[in-house]
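Chains as they are written, first to last, in full-length UniProt numbering: chain A, 1 to 236; chain B, 1 to 236.
Idealized CB from N, CA, C, for every residue including glycine.
None of these values were measured; they are calculated from a predicted model.
Single-structure report; data block below.
There are 2 protein chains.
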Amino acid sequence: MEELNKKILLVEDDPNFGTVLKDYLTMNEYTVVHAKNGMEGFEKFKKDDFDLCILDVMMPYKDGFTLAKEIREKNADVPIIFLTAKAMKEDVLKGYKVGADDYLNKPFDSEVLLMKIKAIMQRKATDSVADSKQFEFKIGKFDLNSKLRFLKFNGGEPVKLSPKENELLRLLALHENDLMPRELALTKIWRDDNYFTSRSMDVYIAKLRKYLKPDENVEILNIHGEGFRLVVNQNA
Amino acid sequence: MEELNKKILLVEDDPNFGTVLKDYLTMNEYTVVHAKNGMEGFEKFKKDDFDLCILDVMMPYKDGFTLAKEIREKNADVPIIFLTAKAMKEDVLKGYKVGADDYLNKPFDSEVLLMKIKAIMQRKATDSVADSKQFEFKIGKFDLNSKLRFLKFNGGEPVKLSPKENELLRLLALHENDLMPRELALTKIWRDDNYFTSRSMDVYIAKLRKYLKPDENVEILNIHGEGFRLVVNQNA
DNA sequence: TGTACCCTTTAACCTTACATTAACAAAAAT
DNA sequence: ATTTTTGTTAATGTAAGGTTAAAGGGTACA
């Protein structure tokens with residue numbers, strides 16, 4: 001299950017360490033937003049919804065605890081993991097007071113961090129069924145349920161979609177009536193942009209067109225050399 | 001939220017350290033049962049209900065991990081904290097695999113332990129409010145009593161379920177009509193996600209399907225690569 | 001101290017689901 | 001006119017799932 005990548009806010013002022021950590025997490029299927037200090041961290045937090053925050057404690061301007069408090073005021077539930085330079089008792093206690101879910105002493109093992117992230121996400125997973133609406137799309141007379149991977153026509157029998165079909169259609173739906181660049185799908189879904197993945201994508205476009213045939217007001221147009229466009233004609 | 005004293009099982013072979021720790025926790029309003037080794041620990045665990053287990057990893061006869069696994073078989077939910085002699089990565093990862101909630105490196109600060117205990121108890125308190133009551137499910141024409149582990153069809157004779165059958169069906173029921181991710185069942189019920197546990201789970205799905213056959217409006221669907229979905233068709 | 005029983009895992013074999021690649025046709029661009 | 005890009009169908013190989021049976025392990029009870 002790596003359906004949607006969870007979004008992580010990483011606030012770390014050391015540019016080298018921060019970048020490496022971000023890349024490592026990205027490699028592990030997480031979407032990471034990296035802020036270089038507490039101020040920036042809070043700005044980014046306000047602008048987006050995160051599944052987890054990883055905060056460095058020692059930072060200029062605004063330390064991790066202060067940031068955590070602000071974050072808690074906005075959202076009492078986001079899990080927070082602190083990165084502390086050393087095992088200072090005061091830090092640890094302070095961290096728990098502001099509602100830390102865990103903390104790690106630098107230097108730490110990246111695998112351990114991953115385990116902690118997984119454990120925490122799972123803990124939260126059960127009660128976050130709330131935002132399931134993000135996976136449901138209306139496309140003309142079709143209903144796409146992108147979480148359960150099926151497509152219904154006129155409220156009838158659902159047709160099962162394969163993972164790739166599903167993700168591609170979802171991406172098209174997200175850009176409904178607008179250009180969905182080839183490159184976007186290839187990097188997001190295929191994670192590689194070359195001749196073969198590109199051909200593979202064309203095959204999937206053909207499959208989707210078949211699925212969408214029942215509604216003649218829905219079609220996938222090609223924009224030569226650019227990408228595809230999911231069009232829904234609204235005739236009254 | 002002031003409630004009755006939480007009961008803690010402390011398994012620690014060092015008599016001096018164990019006694020001191022027990023006294024310290026007792027002073028802090030916890031009821032502590034102290035076992036001197038893994039064997040004794042498991043005996044005491046079976047005889048009582050605990051809110052938390054604190055297990056030393058290094059113990060003669062039966063180490064903390066082995067004990068944890070046994071405990072998990074009896075009770076999938078008790079929080080477990082490990083005490084490890086040093087920060088060995090393998091130990092930490094192993095701990096998480098058997099479902100640790102936290103771990104502490106000796107020597108540790110007693111106040112830190114207290115905070116962790118509080119944090120964990122609180123966590124359990126909040127998310128167990130949600131689903132602790134849920135041991136009874138109506139699944140189409142079936143009634144599942146997950147506490148007594150039986151399944152009734154049309155109010156008839158109850159069929160006994162094994163622990164794994166029961167937990168799996170319960171998890172599916174909790175996600176009725178929605179995706180129940182493979183990984184969730186594997187980590188929650190099997191406590192490990194590998195090829196074999198995964199196959200084992202498939203075997204259990206087959207068993208459940210047999211049980212559910214009498215009601216043709218109830219079925220367990222597979223979502224390839226994601227998990228399963230317990231569907232109840234409501235036709236009037 | 002077996003041995004009968006229950007539960008779980010492992011094995012085996014088969015089916016289905018998916019993604020990629022190939023192959024060839026049709027459009028579009030140059 | 002010919003090279004690129006796209007449309008579409010079919011073939012292939014691999015991975016995941018379905019199911020049944022046998023093996024393994026623990027427990028209770030004779």
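Alpha-carbon spacing of residue i relative to residue j, whole angstroms
i: glutamate 216/A; j: methionine 201/B; result: 43 Å
i: proline 15/B; j: lysine 141/B; result: 56 Å
i: glutamate 29/A; j: aspartate 23/A; result: 10 Å
i: aspartate 193/A; j: tyrosine 204/A; result: 15 Å
i: methionine 39/B; j: aspartate 56/B; result: 13 Å
i: aspartate 13/B; j: leucine 151/B; result: 43 Å
i: lysine 74/B; j: arginine 199/A; result: 52 Å
i: tyrosine 103/B; j: leucine 148/B; result: 33 Å
i: lysine 116/B; j: alanine 173/B; result: 32 Å
i: leucine 169/A; j: alanine 206/B; result: 32 Å
i: aspartate 131/A; j: lysine 160/B; result: Low local confidence applies: a pLDDT of 46 at aspartate 131/A is under 50, so the model's placement there is unreliable, with the coordinate-based value given in what follows. Cα-Cα distance, rounded: 36 Å.
i: leucine 144/B; j: glutamate 111/B; result: 44 Å
i: valine 129/A; j: arginine 209/B; result: Note that valine 129/A scores 45 on pLDDT, short of 50, meaning its location in the model is unreliable and no value can be drawn from it.
i: histidine 224/A; j: alanine 185/A; result: 15 Å
i: leucine 114/B; j: isoleucine 189/B; result: 28 Å
i: glycine 18/A; j: glutamate 70/A; result: 21 Å
i: valine 11/B; j: isoleucine 120/B; result: 18 Å
i: serine 146/B; j: phenylalanine 108/A; result: 41 Å
i: phenylalanine 137/A; j: proline 163/A; result: 16 Å
i: leucine 52/B; j: leucine 25/B; result: 12 Å
i: lysine 213/A; j: isoleucine 220/A; result: 10 Å
i: valine 218/B; j: isoleucine 139/A; result: 29 Å
i: valine 33/B; j: leucine 21/B; result: 11 Å
i: phenylalanine 196/B; j: glutamine 134/B; result: 29 Å
i: leucine 31/A; j: glycine 64/B; result: With the sequence shown as reference, residue 31/A is identified as threonine, and leucine is not the correct amino acid for it. Spanning the two alpha carbons is a distance of roughly 36 Å.
i: leucine 230/B; j: methionine 58/A; result: 48 Å
i: isoleucine 80/A; j: isoleucine 54/A; result: 6 Å
i: leucine 171/A; j: methionine 180/A; result: 7 Å
i: asparagine 222/A; j: asparagine 233/A; result: 16 Å
i: aspartate 77/A; j: glycine 227/B; result: 26 Å
i: glycine 41/A; j: histidine 175/B; result: 35 Å
i: threonine 66/A; j: glutamine 122/B; result: 22 Å
i: asparagine 37/A; j: lysine 118/A; result: 25 Å
i: residue 237/B; j: phenylalanine 153/A; result: This structure cannot settle anything about residue 237/B, because the visible part of chain B is limited to 1 through 236.
i: alanine 35/A; j: tyrosine 211/B; result: 52 Å
Exposure label - residue i; buried when at least 16 CB within 10 Å
i: glycine 27/B; result: What sits at residue 27/B in the sequence shown is methionine, not glycine. By the 10 Å Cβ count, methionine 27/B comes out exposed.
i: asparagine 177/A; result: exposed
i: phenylalanine 82/A; result: buried
i: tyrosine 61/A; result: exposed
i: aspartate 127/A; result: With a pLDDT of only 42 at aspartate 127/A, under the threshold of 50, the placement of this residue in the model should not be trusted; the figure read from the coordinates follows. By the neighbour-count rule (16 or more Cβ atoms within 10 Å), aspartate 127/A is not buried but exposed.
i: glutamate 157/B; result: exposed
i: arginine 182/B; result: buried
i: arginine 191/A; result: exposed
i: glutamate 43/A; result: exposed
i: threonine 187/A; result: exposed
i: glycine 155/B; result: exposed
i: asparagine 166/A; result: buried
i: alanine 68/A; result: buried
i: alanine 85/B; result: exposed
Of all the alpha helix (DSSP H) runs that stay within the bounds of the UniProt domain "Response regulatory" (7-121) of chain B, which reach a length of 4 or more residues?
15-27, 38-47, 64-74 and 89-97
Only counting runs of 4 or more residues, tell me where the alpha helix (DSSP H) segments fall wholly within the UniProt DNA-binding region "OmpR/PhoB-type" (134-232) of chain B, in order along the chain.
163-174, 182-185 and 195-212
For the segment 40-52 of chain B and the segment 5-19 of chain B, state whether three or more C-beta atom pairs, one from each stretch, are separated by less than 8 Å.
yes
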